[in-house]
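**Student:** Residue numbers (the numbering used here): 7 to 290.
First the structure, which I've put down as structure tokens, then a few questions once you've had a look.
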């Protein structure tokens, strides 16, 4: 993806090229779909600066750069039926087990290759901070990932709320949001307007946002303090959650270790409650 190439090249760019790069990323990919002169004007750089940076990214010229952007835009808005048709046309003959697993492994490798350990640690520290309230939000499909994270973090730390972003009641949750509170938001392609509006209000109230999104990046990326772009494409009509789940489980483990003494006390108390309610069978 062009956005990945830009991120990788940032340190090698001149000041003007970095200004251009950030301008492109701020409204990606639409920012690069107009004329070259319009992009230069919006970024407040010269036309030669645009041409030079495009070549640094590995393109022969601006038309080739735009052609790849348009392909990314098409992929970004695909619905499940269109995605399945695209995959089926070129499906290899190997068994689906191997085919799907290879795709997931590639997704994991590419995703982890772009994550800075320092940013991951910062995100874990934000999510672990029990002096602030934590809100976890998912969408129509990703609410399952949000709930998975919520159930584990509920054991690890206090002051946590799972907001059902598709519910008409979600504005009520924002009444008590304070500056410095943390939102973990899941928003994958076919990005949901409801989730964006929630993020905008939370951001306006001074909350920090940790975003889990895909390689094309949700519009919420512009508001997020930390974004994790997950590769999600697999040979299926649906996107894969495997890479995102890997990051979630790694985050849970890291946060648990950050506050193990408090976590251990909470887990022991929870086990006592389970025993009293006889939720689980005992084999003594």
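Positions of the beta carbon are idealized from the N, C-alpha and C atoms, including for glycine.
Does the beta-carbon distance from residue 142 to residue 162 come in below 9 Å?
**Tutor:** Within the chain shown, the letter at position 136 stands for residue 142. Within the chain shown, the letter at position 156 stands for residue 162. No, Cβ-Cβ distance for residue 142 and residue 162 is not below 9 Å.
**Student:** Does DSSP classify residue 52 as helix, strand or coil?
**Tutor:** What you label residue 52 is simply residue 46 of the chain shown in a count that begins at 1. Residue state, collapsed to three classes: coil.
**Student:** Report the residue from 34, 277, 116 and 15 whose alpha carbon sits nearest the alpha carbon of residue 61.
**Tutor:** Here residue 61 refers to the residue found at position 55 when the chain shown is read from its first residue. Of the candidates 34, 277, 116 and 15, the one whose C-alpha sits nearest the C-alpha of residue 61 is 15.
**Student:** Rounded to the nearest angstrom, what separates residue 204 and residue 101 at their Cα positions?
**Tutor:** Position 198 of the chain shown, counted from the first residue, corresponds to residue 204. Position 95 of the chain shown, counted from the first residue, corresponds to residue 101. If you take the alpha carbons of residue 204 and residue 101, they lie about 42 Å apart.
**Student:** Which stretch, first to last residue, makes up the alpha helix (DSSP H) that contains residue 29?
**Tutor:** The residue you call residue 29 lines up with position 23 of the chain shown. Start and end: 21-32.
**Student:** With 16 as the cutoff for other CB atoms within 10 Å, does residue 18 come out buried or exposed?
**Tutor:** Translated into the one-based positions of the chain shown, residue 18 becomes position 12. Classification of residue 18: exposed, given that the 10 Å Cβ count is below 16.
**Student:** Go through its chain and collect everything with a Cβ distance to residue 71's Cβ below 8 Å, but skip five positions before and after it.
**Tutor:** Here residue 71 is taken as the residue at index 65 of the chain shown, counted from 1. Around residue 71: 8, 38, 60, 63 and 65.
**Student:** Go through the region 151-227 residue by residue and report every complete run of the alpha helix (DSSP H) that reaches 4 residues or more, in order.
**Tutor:** 176-179 and 199-210
**Student:** If you run the structure through DSSP and keep just helix, strand and coil, what is residue 110?
**Tutor:** As a first step, residue 110 is located in the chain shown; it is residue number 104 there, counting from the start. Reduced to three states, the DSSP call for residue 110 is helix.
**Student:** So within the region 233-277, which uninterrupted alpha helix (DSSP H) runs reach at least 4 residues, ignoring any that extend past its ends?
**Tutor:** 248-264
**Student:** Could you name the residues of the same chain whose beta carbon sits closer than 8 Å to that of residue 25, not counting the 5 residues immediately before and after it, in chain order?
**Tutor:** Taking the first residue of the chain shown as position 1, residue 25 is located at position 19. Contacts found: 49, 50 and 51.
**Student:** Report the three-state DSSP secondary structure of residue 144 (helix, strand or coil).
**Tutor:** For the purposes of this step, residue 144 is identified with residue 138 of the chain shown, where counting begins at 1. Strand, per DSSP.
**Student:** Alpha carbon to alpha carbon, how far is residue 193 from residue 202? Give it in angstroms, no decimals.
**Tutor:** Locating residue 202 in the chain shown gives position 196, where the first residue counts as 1. Locating residue 193 in the chain shown gives position 187, where the first residue counts as 1. Their backbone Cα atoms lie some 9 Å apart in a straight line.
**Student:** Compute the minimum distance between the beta carbon of residue 167 and the heavy atoms of the ligand ZN, and state whether it is under 8 Å.
**Tutor:** Judged by which ligands are present, the structure shown has none, so any question about the ligand ZN falls away.
**Student:** Near residue 168, which residues of its chain fall below 7 Å by C-beta distance, leaving aside the five closest residues on each side in sequence?
**Tutor:** Within the chain shown, residue 168 is the residue found at index 162, counting from 1. Same-chain partners within the cutoff: 142, 152, 153 and 156.
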